[in-house]
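In order, the protein sequences belong to chains A and B.
Numbered according to the numbering used here, the first sequence spans residues 6 to 529.
Numbered according to the numbering used here, the second sequence spans residues 350 to 698.
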Amino acid sequence: MTQPTTTPPAVAMHGITKRFGPLTANANVDFDVQSGEVHALLGENGAGKTTLTKILYGLYQPDAGTIAINGKLTPLRSPADAIAQGIGMVTQHFSLVPTLTVAENLLLSQAQGITLDLRTAEATIRETATRYGLQVDPARLVQRLSVGEQQRVEILKALYQNCRVLILDEPTAVLTPQEAEGLFMVLRGLIAQGLAVIFISHKLNEVLAISHRVTVLRAGKVVGEVKTAETTQIDLARLMVGREVTGVQVSATPPPTAPQRPVLELQNIHVRNTQHLPALRGINLRIQAGEIVGLAGVAGNGQPELGEVLSGLRTPTQGEVRVNGIDVTKADPVGMTRAGIGRIPEDRLKGVVADLTVAENIALESLAEFTKAGGQLDQKLVRQHAQSLIDAFEIKATPGTRTGSLSGGNMQKVILARVLSRNPQVVVAAQPTRGLDVGAIQYVHEQLLTQRARGAAILLISEDLDEVLALADRVAVIYEGAIVGEVKPSDFRDDPANLKQQIGLMMAGAVSGFGEQIERRESA
Amino acid sequence: MQLRVERREASAWISILIPLLAIGITLILVAGLVWLSGAGLWETYYYFFIKPLSSRASVIEVLVKATPLLFTGAAVAFAFYSGYWNIGAEGQLYAGAAAAAWLGVVLKGLPPVVIIPLIMLGSALAAALWALPPAWLKTRLNVDEVVTTLLLNSVMIFFVSSLLNGPWRDPVTNWPQSPTLEAASRLPRLLAGTRLHLGFLLAIVALIFFWWITARASFGLRMRAVGRGREAARFMGVHVNQVVFRVALISGAVAGLAGASEVAGLHYHLIEALSPGYGYSGIVAATLGSLHPIGVALAAIFIGLISTGSQTASRALGVPSFLGDVVQAVLLLVTLALLLLRTYRVRMI
Chain A
6 MTQPTTTPPA VAMHGITKRF GPLTANANVD FDVQSGEVHA LLGENGAGKT
56 TLTKILYGLY QPDAGTIAIN GKLTPLRSPA DAIAQGIGMV TQHFSLVPTL
106 TVAENLLLSQ AQGITLDLRT AEATIRETAT RYGLQVDPAR LVQRLSVGEQ
156 QRVEILKALY QNCRVLILDE PTAVLTPQEA EGLFMVLRGL IAQGLAVIFI
206 SHKLNEVLAI SHRVTVLRAG KVVGEVKTAE TTQIDLARLM VGREVTGVQV
256 SATPPPTAPQ RPVLELQNIH VRNTQHLPAL RGINLRIQAG EIVGLAGVAG
306 NGQPELGEVL SGLRTPTQGE VRVNGIDVTK ADPVGMTRAG IGRIPEDRLK
356 GVVADLTVAE NIALESLAEF TKAGGQLDQK LVRQHAQSLI DAFEIKATPG
406 TRTGSLSGGN MQKVILARVL SRNPQVVVAA QPTRGLDVGA IQYVHEQLLT
456 QRARGAAILL ISEDLDEVLA LADRVAVIYE GAIVGEVKPS DFRDDPANLK
506 QQIGLMMAGA VSGFGEQIER RESA
Chain B
350 MQLRVERREA SAWISILIPL LAIGITLILV AGLVWLSGAG LWETYYYFFI
400 KPLSSRASVI EVLVKATPLL FTGAAVAFAF YSGYWNIGAE GQLYAGAAAA
450 AWLGVVLKGL PPVVIIPLIM LGSALAAALW ALPPAWLKTR LNVDEVVTTL
500 LLNSVMIFFV SSLLNGPWRD PVTNWPQSPT LEAASRLPRL LAGTRLHLGF
550 LLAIVALIFF WWITARASFG LRMRAVGRGR EAARFMGVHV NQVVFRVALI
600 SGAVAGLAGA SEVAGLHYHL IEALSPGYGY SGIVAATLGS LHPIGVALAA
650 IFIGLISTGS QTASRALGVP SFLGDVVQAV LLLVTLALLL LRTYRVRMI
């Protein structure tokens with residue numbers, strides 16, 4: 006399927022290196038794509054896929070490396086440069102004006118001069134749309150279109166700008182299975198017309214279904230480039246997550262062995278996301294006192310929604326949440342806190358108001374306790390309480406410091422202090438170390454282990470598999486909104502590499518930990 | 350050399366500097382208009398800002414002018430503080446004024462100590478009721494309150510106009526003004542021989558109430574959290590909609606007191622031209638005063654000074670009296686532009 010390599014590739018990136026401060030997002034990456042080919046970029050979250058394509062689209066400048074377009078070295082200093090070179094990009098966040106028509110949106114991207122001939126433009130767009138098999142009516146308002154149709158408009162916009170290389174950044178993340186199938190039809194049409202497509206995904210089945218070649222990135226490096234026809238889902242999963250286990254110590258103290266009544270119980274939880282698509286499809290999970298359950302999974306498989314359910318921000322459409330047998334399914338944030346759930350949010354800036362002081366953010370969650378008769382705030386108590394937590398949790402701040410001015414680690418400590426000082430029976434920690442430096446990560450881990458020793462039931466939702474393995478007594482794997490398997494790291498003490506591979510395969514949706522076939526999403 | 354814009358921490362001194370800078374820039378910007386009107390610049394500004402402060406009587410007149418602005422400034426600041434953009438103080442003022450004009454006539458045979466609190470309470474209630482539909486639409490259906498509160502202003506103003514040209518037309522003079530208030534319904538004068546009335550003190554009380562809520566009460570912390578970070582406030586268990594709803598009604602009630610104070614303290618009847626835009630000037634006062642009670646008080650008095658001054662300047666020099674409104678409008682725009690200085694700093698690199 007790949008064209009003979011005598012013609013230069015549509016795009017050839019060579020030796021690309023990009024650093025952000027101490028972090029190397031891309032290290033000496035080689036990547037090329039031919040006309041008439043879909044080349045998939047596969048990798049976990051943070052592997053450097055998006056960075057690489059942003060460099061190609063002129064949004065970032067590489068620290069080293071070259072880009073050749075059709076065999077000619079071409080510096081790309083801005084998206085305008087990239088567009089002029091025939092490179093188009095469609096991201097998950099569409100840049101369309103909802104109150105304008107499709108044609109108007111397309112004209113916006115390149116209208117010049119004073120007059121606007123909408124009629125001719127609509128005809129041209131209709132012609133382009135038909136040629137590439139993109140069914141969109143140019144006269145319709147964008148806000149009336151479904152997400153799938155809007156994505157088609159984005160692709161059409163790129164084509165309208167004469168793009169020859171199309172970058173699609175996780176295009177199926179926002180689509181229903183039916184829409185995804187439609188997208189694949191379109192992509193097949195595009196390559197038949199000689200376009201080159203770069204397809205970013207972390208979903209193995211999609212990559213196998215649409216691509217000709219796959220490049221796998223891991224921690225910013227290329228760990229493999231394979232022809233799709235010569236690989237399997239299991240091989241790709243191994244490449245994607247099979248890095249050496251480093252610095253992982255399986256938890257020392259064994260969890261309570263006698264079967265106890267679970268503290269946190271999730272039974273058949275179903276939830277829709279903000280786009281009203283099913284995000285959780287029957288989550289079952291039980292966590293005992295003194296146990297850390299790690300929820301592993303690739304990003305976008307329902308983890309944020311699960312965190313929101315347990316924070317009281319999203320109500321399940323089906324199923325039950327129980328804490329010590331008490332039903333809290335419909336509880337709001339106050340109800341969840343009262344029920345004994347300590348909530349550490351995925352986004353720190355949703356856990357604290359940046360413009361309030363540290364003391365205010367600590368008091369706010371249980372404000373009634375700081376309120377005197379007549380509704381007066383006991384400011385002395387607020388300050389004292391904050392100071393005692395600042396001392397106990399070693400936060401680098403004073404009670405009066407504006408929370409937004411703290412470092413990520415200290416901000417996370419404020420949240421931890423607020424939550425953990427109340428000795429919650431359940432701790433739900435969503436991505437608790439994301440974006441933190443090594444010292445702060447260590448600190449968060451120690452705090453979670455302290456809570457475990459105290460007897461809290463802990464759910465650790467993390468996309469960082471090393472973190473999950475380092476802390477969890479039990480690892481549950483979430484894939485497409487359901488738990489597809491559970492493993493105990495302690496069963497793999499002699500064979501940690503195999504443990505990681507097992508989990509990796511489940512994360513990629515390749516096997517089920519329950520020894521059964523994973524039910525695939527309907528794709529018809 | 351390049352200019353770079355960075356986010357920065359808000360420091361206290363810049364909050365004080367901004368209003369002063371805004372006033373200075375406004376005077377420069379308006380200078381062109383003054384020049385076009387044919388009057389001398391220094392002379393005009395003298396009449397605007399110095400002359401009203403030159404005698405005891407005119408200083409007190411500035412305070413009389415500032416009284417409704419202290420109310421509306423407090424009302425608007427209270428709402429803005431929690432991120433509820435109440436642009437409806439003008440309509441709420443007229444709702445309160447209409448209630449006061451009605452109560453002040455129908456309540457008879459009671460001593461002032463009973464009647465006056467009843468009038469104030471009734472006006473606040475009526476205005477809160479008028480503020481209710483936008484608050485309800487905002488919290489239930491997320492309808493933009495800027496639009497609803499703004500549009501309801503015209504509705505209330507025309508409603509008052511229809512009352513005054515219909516059932517409430519003064520039976521004696523046949524003017525479009527409501528019947529004159531009973532003597533016992535009138536707010537007492539604070540200083541003999543001046544027009545300064547009890548409304549001024551009540552306005553100060555409203556600002557003290559605003560201060561206590563925001564600086565001392567738990568509810569103020571909730572308001573702050575909702576205003577600065579709605580999502581995070583919700584996460585921490587603040588009932589965001591409940592806070593917004595209450596704030597909207599309290600803000601409306603305080604704006605209604607401005608109308609009651611004007612009717613029962615100054616005019617003794619309801620007229621169509623009761624407010625030359627006090628509700629909108631309240632937005633200027635709240636913004637110029639950085640939503641801080643003391644700032645709002647100073648800003649309201651400053652606007653009172655401008656409107657007194659623009660009238661004296663108009664009489665003495667023949668400049669259009671609209672100049673006062675222009676100064677206010679420019680002041681608001683300049684202040685809003687300068688507020689960016691609080692969050693950003695421009696740096697040469």
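We put the beta carbon where it would ideally sit given N, CA and C, even for glycine.
Computed from a predicted model, the values in this text were never measured in an experiment.
The C-beta of lysine 355 of chain A comes closer than 9 Å to at least one C-beta of chain B. Across the structure, isoleucine 288 of chain A and leucine 464 of chain A are spaced so that their CA atoms are roughly 13 Å apart. Exposure of leucine 459 of chain B is indicated by the presence of fewer than 16 other C-beta atoms within 10 angstroms of its C-beta. It is roughly 23 Å from the alpha-carbon of tryptophan 384 of chain B to the alpha-carbon of leucine 369 of chain B. In this structure tryptophan 391 of chain B is exposed. Its beta-carbon is surrounded by fewer than 16 other beta-carbon atoms within 10 angstroms.
Taking 9 Å as the Cβ-Cβ cut-off, the segment 370–381 of chain A approaches chain B at Glu370, Ser371, Leu372, Ala373, Phe375, Thr376, Lys377, Gly379, Gly380, Gln381, given in chain order.
The alpha-carbon separation between phenylalanine 427 of chain B and arginine 489 of chain B amounts to approximately 21 Å. Short of 6 Å from the beta carbon of isoleucine 632 of chain B, and not among the five residues preceding or following it, lie these beta carbons of its own chain, in chain order: Val425. Close CB contacts of tryptophan 479 of chain B within its chain, under the 8 Å cut and outside five residues either way in sequence, are with Gly437, Gly440, Gln441, Ala444, Leu501, Met505, Gly601, Gly605 (chain order). Proximity of glutamate 485 of chain A to chain B, defined by a Cβ-Cβ separation below 9 Å, is not satisfied.
When 8 Å is used as the limit between beta carbons, serine 316 of chain A is near these residues of chain B: Phe584, in chain order. Beta-carbon to beta-carbon, valine 107 of chain A and proline 143 of chain A are separated by about 5 Å, close enough to satisfy the 8 Å threshold. Listed along chain B are Gly586, each with a C-beta nearer than 8 Å to that of threonine 342 of chain A.
Looking only at A/Ala45, A/Glu399, A/Gly317, the smallest Cα-Cα distance to histidine 217 of chain A is reached by A/Ala45. The DSSP-derived three-state label of threonine 376 of chain A is strand.
Closest option to glycine 299 of chain A, judged by alpha-carbon separation, among A/Ile483, A/Gly345, A/Arg427, A/Gly26: A/Ile483.
Across the segment 548–572 of chain B, CB contacts with chain A closer than 8 Å involve Arg565, Ala566, Ser567, Phe568, Gly569, Leu570, Arg571, in sequence order along the chain.
In this structure the segment 22–38 of chain A does not touch the segment 233–240 of chain A; the number of beta carbon pairs closer than 8 Å is below three.
The alpha-carbon separation between glycine 413 of chain A and leucine 354 of chain A amounts to approximately 10 Å. Segment contact: the segment 414–422 of chain A against the segment 437–447 of chain A, three or more CB-CB distances shorter than 8 Å; contact assigned. Ranking A/Gln456, A/Glu270, A/Lys77, A/Ser393 by CA distance to the CA of alanine 344 of chain A puts A/Glu270 first.
With a cutoff of 9 Å on beta-carbon distance, alanine 448 of chain B and glycine 608 of chain B are scored as near each other. For threonine 29 of chain A, the enclosing beta strand (DSSP E) has its first and last residue at 28–38. In the three-state reduction of the DSSP assignment, arginine 82 of chain A falls in the coil class, being assigned neither a helical nor a strand state. CA-CA distance, isoleucine 274 of chain A to isoleucine 508 of chain A, rounds to 22 Å.
Remark: fewer than three beta-carbon pairs, one from each stretch, lie closer than 8 Å, so the segment 393–404 of chain B and the segment 588–602 of chain B are not flagged as touching.
Taking 9 Å as the cut-off, the beta carbon of proline 404 of chain A is found no closer than this to the beta carbon of threonine 376 of chain A. Residue environment: glutamate 485 of chain A is assigned as buried (16 or more neighbouring CB atoms within 10 Å of its CB, all protein chains considered). Of the residues assessed, alanine 582 of chain B falls on the buried side of the cut-off, its CB having 16 or more other CB atoms within 10 angstroms. Contact with chain A is absent for glycine 644 of chain B, since none of that chain's Cβ atoms lies less than 9 Å from the residue's Cβ. Spatial neighbours of tyrosine 62 of chain A in its own chain (CB-CB distance under 7 Å, excluding positions within 5 residues in sequence) are listed in chain order as Pro84, Ala87, Ile92, Met94, Ile172. A Cβ-Cβ distance of about 4 Å is found for the pair valine 492 of chain B and leucine 486 of chain B, placing them in contact under the 8 Å criterion.
For methionine 572 of chain B, the three-state secondary structure derived from DSSP is helix. Sixteen is the threshold: since fewer than 16 other Cβ atoms of the shown chains lie within 10 Å of the Cβ of arginine 136 of chain A, the residue is exposed. Note that the C-beta distance between leucine 680 of chain B and alanine 388 of chain B is not below 9 Å. Under a 10 Å Cβ-count criterion, alanine 336 of chain A is classified as buried, with 16 or more other Cβ atoms of the shown protein chains found around its own Cβ.
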